[in-house]
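Novice: Got a structure here, written out as structure tokens. Questions coming.
Number of protein chains: 2
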Amino acid sequence: MVTKELSDLSDEADLRRADSLAREIFSDVANKWALLIIEALGERTLRFSELRDEVEGISHKMLTQNLRMMERNGLAERKVHPTVPPRVDYTLTEPGRALRATVDLLCGWTHEYFGHIESARRRFGT
Amino acid sequence: MVTKELSDLSDEADLRRADSLAREIFSDVANKWALLIIEALGERTLRFSELRDEVEGISHKMLTQNLRMMERNGLAERKVHPTVPPRVDYTLTEPGRALRATVDLLCGWTHEYFGHIESARRRFGT
DNA sequence: CCGTATCCACCCAGATACTG
DNA sequence: CAGTATCTGGGTGGATACGG
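Protein sequence lines, in the order shown, are assigned to chains D and Z.
Going by the UniProt record's numbering, the first sequence opens with residue 1, and the numbers climb by one from there.
Going by the UniProt record's numbering, the second sequence opens with residue 1, and the numbers climb by one from there.
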């Protein structure tokens, strides 16, 4: 790394930066569309339009926006085929696949506790 | 269950309802504040004000809002002590603790891939 | 201390239209 | 087909105030 002379002060600064970066990553990832896209991609590679069909209810805009975010964070790889009509494929990278494992767990949880939640809501009064 | 005579049609209807319910639960849970609150609660039981301090940056409003949601879905239990000043304790229920296990994994992921993400961003150009 | 209600500024997401 | 830009309404969350 660069410029690491005054260890005490810069260590604290590093911690703060790391913290804020961690929170930023968390915010990026902990949102419904991102997680649904990751789940949709799974092991496959899909084109933009296939993803659009796969992730029910997502708009063109939200899809591109989240795909950019995922590319930026190195979660997905974007491969452009210079054909006509154009074709763009998206695939999860290794970090993306690791993240998907946790998303799978979340989906599993939803399935497992579906009944609990339904009845909890009834007790609560919808 | 009630009113289940015409099996074919109501089965389809059930699937649709189950699906929309699943998506609703997913949306409830897949949001940054909910996940951070769950993580903050952990095994402990905390009062409202302690949670407020623990979950950095959350507003009074967002905290109550998410806690209500979690109570409604049976993820957390709310215990009011009729003292003065009032005191309200929150604890994760069993479903909530199960969910926390997946959140822990997500946090672990963030920590593990921190470096990957940082460098991916540099490659991308911030 | 905890909860709710009101107000309002801001952001976000959808719609639309246009490029390559 | 995929991506970008612009516009706009409605939702969202912060601030504030007040009640239990």
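Glycine included, C-beta positions come from ideal geometry on N, C-alpha and C.
Give a yes or no on contact between the segment 60-71 of chain D and the segment 30-38 of chain D, applying the rule of three or more CB pairs nearer than 8 Å.
Specialist: Yes: the two stretches touch, three or more of their Cβ pairs being nearer than 8 Å.
Novice: Comparing the CB of Ser10(D) with every heavy atom of the ligand SAM, is any distance shorter than 8 Å?
Specialist: In the structure shown, the ligand SAM is absent, as is every other ligand, since no ligand is present at all.
Novice: What does a CB cutoff of less than 6 Å around Arg72(D) pick up in its chain, not counting 5 residues either side in sequence?
Specialist: One-based indexing of the first sequence puts residue 72(D) at position 72. Once the five neighbours on either side are set aside, Arg72(D) has no close Cβ partner at all.
Novice: Let me confirm a value: Arg44(D) is counted as buried when at least 16 other C-beta atoms fall within 10 Å, else exposed. Which label applies?
Specialist: Taking the first residue of the first sequence as 1, we reach residue 44(D) at position 44. Counting Cβ neighbours within 10 Å, Arg44(D) comes out exposed, since fewer than 16 surround it.
Novice: Can you give me the C-alpha to C-alpha distance between Pro82(D) and Thr91(D), rounded to a whole angstrom?
Specialist: As a first step, residue 82(D) is located in the first sequence; it is residue number 82 there, counting from the start. As a first step, residue 91(D) is located in the first sequence; it is residue number 91 there, counting from the start. Approximately 17 Å between the Cα atoms of the pair.
Novice: Going by the DSSP bridge assignment, what does Leu92(D) pair with across the sheet?
Specialist: By one-based count along the first sequence, residue 92(D) stands at place 92. Ala76(D), per the DSSP bridge assignment.
Novice: Gly74(Z) and His116(D) look like a contact to me (Cβ under 8 Å); what is the Cβ gap, rounded to whole Å?
Specialist: Along the second sequence, one-based indexing puts residue 74(Z) at 74. Along the first sequence, one-based indexing puts residue 116(D) at 116. Gly74(Z) to His116(D), Cβ: 6 Å. Contact.
Novice: As a quick exercise: from Asp104(D), Val80(D), Met70(D), pick the residue whose alpha carbon is nearest that of Thr93(D).
Specialist: For the purposes of this step, residue 93(D) is taken as residue 93 along the first sequence, with counting starting at 1. Of Asp104(D), Val80(D), Met70(D), the residue nearest in Cα terms is Met70(D).
Novice: At the level of alpha carbons, what is the spacing between Asp53(Z) and Glu112(Z)?
Specialist: One-based indexing of the second sequence puts residue 53(Z) at position 53. One-based indexing of the second sequence puts residue 112(Z) at position 112. About 26 Å.
Novice: My understanding is that Arg121(Z) touches Gly42(Z), with C-beta atoms under 8 Å, so please give their C-beta distance in whole angstroms.
Specialist: As a position in the second sequence, residue 121(Z) is number 121, starting the count at 1. As a position in the second sequence, residue 42(Z) is number 42, starting the count at 1. The Cβ separation is near 30 Å, so there is no contact.
Novice: At a CB distance below 8 Å, what residues from the segment 114-125 of chain D approach chain Z? Give them in sequence order.
Specialist: Per Cβ criterion, the list reads Phe114, His116, Ile117, Glu118, Ser119, Ala120, Arg121, Arg123, Phe124.
Novice: Can you find a CB in chain D that lies within less than 9 Å of the CB of Ser27(Z)?
Specialist: Counting from one through the second sequence, the residue named residue 27(Z) turns up at place 27. Yes, its Cβ sits closer than 9 Å to a Cβ of chain D.
Novice: Measure how close the beta-carbons of Leu106(Z) and Thr110(D) come, nearest whole angstrom, since I'm counting them as under 8 Å.
Specialist: As a first step, residue 106(Z) is located in the second sequence; it is residue number 106 there, counting from the start. As a first step, residue 110(D) is located in the first sequence; it is residue number 110 there, counting from the start. Not a contact, Cβ separation roughly 14 Å.
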